[in-house]
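With the sequence shown counted from 1, adding 1024 to any position gets you my numbering. Below is one structure; the comments refer to it alone.
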Amino acid sequence: MGYAEIYARWKADPEGFWMDAAGAIDWVRKPSAALDDSRAPLYQWFTDGVANACWNAVDRHVLAGRGNQLAIIHDSPVTHLRKGITYKELQARVASLAGALRAKGVEKGDRVIIYMPMIPEALEAMLACARLGAIHSVVFGGFAASELAVRIDDCTPKAIIAASCGIEPNRIVHYKPLLDAAIDMATHKPEFCVVFQREQEVAKLIEGRDVAWHTFQYGVEPADCVPVEGDHPAYILYTSGTTGAPKGVVRPTAGHMVALMWTMRAIYDCGPGDVFWAASDVGWVVGHSYICYAPLLAGCTTVVFEGKPVGTPDAGTFWRVVSENKVKVLFTAPTALRAIKRDDPTGEFVGEYNMKTLKTLYLAGERADPDTIQWAQHHLKVPVIDHWWQTETGWAIAANPMGIEPLPVKIGSPSVAMPGYDVQVLDEGGHPVPPGTLGAIAVKLPLPPGTLPTLWNAEDRFRKSYLAHFPGYYETGDAGYIDEDGYLYIMARTDDVINVAGHRLSTGAMEEVLASHPDVAECAVIGVADDLKGQSPLGFLCLNKGSPRHHAEVVAECVKLMRERIGPVADFKRAVVVDRLPKTRSGKILRGTMVKIADSQPWKMPATIDDPAILDEIAMALKTLGLARG
1025 MGYAEIYARW KADPEGFWMD AAGAIDWVRK PSAALDDSRA PLYQWFTDGV
1075 ANACWNAVDR HVLAGRGNQL AIIHDSPVTH LRKGITYKEL QARVASLAGA
1125 LRAKGVEKGD RVIIYMPMIP EALEAMLACA RLGAIHSVVF GGFAASELAV
1175 RIDDCTPKAI IAASCGIEPN RIVHYKPLLD AAIDMATHKP EFCVVFQREQ
1225 EVAKLIEGRD VAWHTFQYGV EPADCVPVEG DHPAYILYTS GTTGAPKGVV
1275 RPTAGHMVAL MWTMRAIYDC GPGDVFWAAS DVGWVVGHSY ICYAPLLAGC
1325 TTVVFEGKPV GTPDAGTFWR VVSENKVKVL FTAPTALRAI KRDDPTGEFV
1375 GEYNMKTLKT LYLAGERADP DTIQWAQHHL KVPVIDHWWQ TETGWAIAAN
1425 PMGIEPLPVK IGSPSVAMPG YDVQVLDEGG HPVPPGTLGA IAVKLPLPPG
1475 TLPTLWNAED RFRKSYLAHF PGYYETGDAG YIDEDGYLYI MARTDDVINV
1525 AGHRLSTGAM EEVLASHPDV AECAVIGVAD DLKGQSPLGF LCLNKGSPRH
1575 HAEVVAECVK LMRERIGPVA DFKRAVVVDR LPKTRSGKIL RGTMVKIADS
1625 QPWKMPATID DPAILDEIAM ALKTLGLARG
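This is the structure:
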């Protein structure tokens, strides 16, 4: 069957469709039904089924006789190491770590925070938690101590598993001091911390709380898989909220497995033995879905890459990894390709490597600009597939289903809705708009398996954030349109979350940091267009009256403050001091208009503006930064 027939089959019988898909999973007890709508609009899937994610990702492949196949390839140009781990080795390593965690009292339902770089041990920690039915929460290693502390207090982990350091091209990132500071800041204290000591930096352990990775596992009995209910949370993953407070997305075990297994064949055309590389980080949703769980569930070999698209050592590193590891599918963010294209515009590095195994390049995380897609198409000579999804959904809302039927590529569109997603474009009143008309993108409930059923300890916030604006729909927070052929186009965010190199970051959280500076009376942060990273944050600072400080000093201190509080991932490097911020008469800052001025885009004077002259002042300030050229 082609895409249209499969999508129609899902729409006609969603229960039957997902029960069939559930047949690809090993169950301890098979579910009697797919959808549980007993708490609608809070839907659940496969709630009376019982299974284990680690068993499905690791043990069953060993049992099937494929224990000697590589499960993980760790390719680390920053440490000059490359090694493989077979499924049989992975099973032993994960069972050992799970046994050690169990011996220290970690049980089903306990939370464990994982704070690690791109090393195989990060995946082993995730799988060890899944083996016990513990709920992991991976925190990206680039986040500052204050951000980690917020997550510690929200999910109250029994334990934290961390590495001593992360490694960047020109520096060591000291994880352990950040971890220690975060625990000091947090109200909740973990019972113990397991630290993987890297040879590049051996961290000082705190007696009575910290234990080294290998010492921790010495002499323990390996743990078997613990069966869990279908709706048992596999993990909590925090995503930026518009208020600055992180939202803990909950991922249920069974739906997660069923959906990811379906996508590996239908969307990515990958199966047992194929090498799949998602060039992301375990701290992001792509790392959860397509570095750890989906490739292993499907019996693929997954690549764990510790490096950068450029600078480790050059713009050919991606192509080397593809060539040496026989990668079939590469999945990355457009920002990575833009960095490679900037350093190698003529694609000379591409020609240095034999990449005959590469069949498809997938892009996600931000809107893929046409120039970058065309550059990749020209030089790689494989399909370049943009697809769209969110932390909340865990897998693609819209994609080109290469494993079902490759559809014509329309540059600028992530193609069509996947089975499970009834995507509609709505006006402010919640009514569908005609094809080609811009509106709010929403998904008719229920969402499919694998998507978030709620937020961690925040059901009311879940309802308000996603369900309240358009009753009967999930509000994506994105704006766009659907064309006459059913292709979706994502045009902009409808809230104030900006997208920096594929990372969704809250301007509200950044404004809280700037406002904490003693000389800053008021501030605003907007995302301005950036050729490399998609968007880059820009701060506007109104200083306290009579402040004697030199503007450049305050700006430098604010940049430093942002790095400390949010982390390097924010890419906050620019701010400008202004006398006033443009506002409506009701006091709302006109961020949208400021963005258009900064990006030299056409704009209209807002009807509700309090003082039109302020926009001229903003334009003059932006010109000092080389912006607002129009």
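We put the CB at the ideal spot given by N, CA and C, even for glycine. Note that the structure is predicted; figures quoted are calculated from it, not measured.
Tell me which residues share the same chain as Trp1286 and place their Cβ nearer than 6 angstroms to its Cβ, disregarding the 5 neighbours each side in the sequence.
Ala1045
What separation, rounded to the nearest whole angstrom, lies between the Cα atoms of Lys968 and Val1274?
A question about residue 968 goes unanswered here, because the residues of the chain that appear run from 1025 up to 1654.
Residue from Ala1036, Asn1076, Ala1064, Asp1061 whose Cα sits closest to the Cα of Lys1054
Asn1076
Nearest-angstrom Cα separation, counted from Ile1185 out to Arg1366
37 angstroms
Classify Thr1326 as helix, strand or coil using the three-state DSSP reduction.
strand
When you compare each of Cys1217, Val1353, Ala1576 to Leu1404 by their alpha carbons, which one comes out closest?
Val1353
So what does DSSP say about Glu1215, is it helix, strand or coil?
Looking at Glu1215 - three-state DSSP - the assignment turns out to be coil, as it is neither helix nor strand.
Does DSSP put Tyr1498 in a helix, a strand or coil?
strand
CA-CA distance, Glu1215 and Glu1330?
30 angstroms
Beta strand (DSSP E) segments (min. 3 residues) lying fully within the region 1343 to 1427
1353 to 1356, 1384 to 1387, 1408 to 1410
Return yes when the Cβ of Ile1465 is within less than 8 angstroms of the Cβ of Thr1415, no when it is not.
no
Should Thr1071 go down as buried or exposed, given a rule of 16 or more other Cβ atoms within 10 Å for buried?
buried
Output the boundary residues of the beta strand (DSSP E) element that contains Gln1448.
1446 to 1450
Residue ranges of each beta strand (DSSP E) within the region 1550 to 1634, 3 or longer
1558 to 1567, 1598 to 1601
Excluding the 5 residues flanking Tyr1067 on each side, which residues of the same chain have their C-beta closer than 8 angstroms to its C-beta?
Leu1059, Asp1060, Asp1061, Leu1469, Pro1470, Leu1471, Pro1477
Skipping 5 residues on each side, what residues in its chain have a beta carbon closer than 8 angstroms to that of Gly1091?
His1085, Thr1110, Tyr1111, Lys1112, Gln1115
Where Asn1194 falls, given that 16 or more other Cβ within 10 Å makes a residue buried
exposed
Bridge partners of Gly1190, per DSSP?
Answer is Val1197, bridged to Gly1190.
Taking Cβ positions, are Ala1339 and Phe1300 nearer each other than 8 angstroms?
no
Residue range of the unbroken alpha helix (DSSP H) whose run includes Ala1645
1637 to 1647
Cβ-Cβ separation, Phe1596 to Val1583 (assumed contact under 8 angstroms), whole Å:
Sure, about 6 angstroms apart at Cβ, within 8 angstroms.
Nearest-angstrom Cα distance between Glu1253 and Glu1581?
50 angstroms
Using a threshold of 8 angstroms, state whether the C-beta atoms of Met1534 and Pro1561 are closer than that.
Against a cut-off of 8 angstroms, the Cβ pair of Pro1561 and Met1534 comes out as a contact.
Helix, strand or coil: which one does DSSP assign to Gly1157?
coil
Report the start-end ranges of each alpha helix (DSSP H) in the region 1102 to 1179 that is 4 residues or longer and not cut off at the edges.
1111 to 1127, 1144 to 1156, 1169 to 1179
Can you list, in chain order, the residues of its chain with a C-beta nearer than 8 angstroms to that of Phe1494? Leave out the 5 residues immediately preceding and following it.
Leu1450, Gly1454, Ala1464, Ala1466
Alpha carbon to alpha carbon, how far is Val1600 from Asp1293?
CA-CA distance, Val1600 to Asp1293, rounds to 48 angstroms.
Does the Cβ-Cβ distance between Val1306 and Gly1418 come in under 8 angstroms?
no
Could you compute how far the alpha carbon of Pro1276 sits from the alpha carbon of Ala1258?
5 angstroms
Mapping DSSP to helix, strand and coil, what is Gly1297?
coil
Stretch-stretch touch, CB-based, cutoff 8 angstroms, three pairs: the region 1234 to 1246 with the region 1133 to 1144
no
Neighbourhood of Ala1594 by C-beta distance below 8 angstroms, restricted to the same chain and skipping five residues each side:
Taking Ala1594 as the centre and dropping the five residues before and after it, the same chain places the C-beta of Val1524, Leu1529, Met1534, Pro1561, Met1586, Arg1587 closer than 8 angstroms to its C-beta, in chain order.
Residue nearest to Val1197 in terms of C-alpha spacing, selected from Val1226, Ser1313, Ala1081, Thr1211
Val1226
Looking at Ala1420: is its Cβ nearer than 8 angstroms to the Cβ of Thr1356?
no
Can you tell me whether Asp1635 is buried or exposed? The criterion is at least 16 other CB atoms within 10 Å of its CB, across all chains shown.
exposed
Does Ala1247 pass the burial test, meaning 16 or more other C-beta atoms within 10 Å, or should it be called exposed?
By the 10 Å Cβ count, Ala1247 comes out buried.
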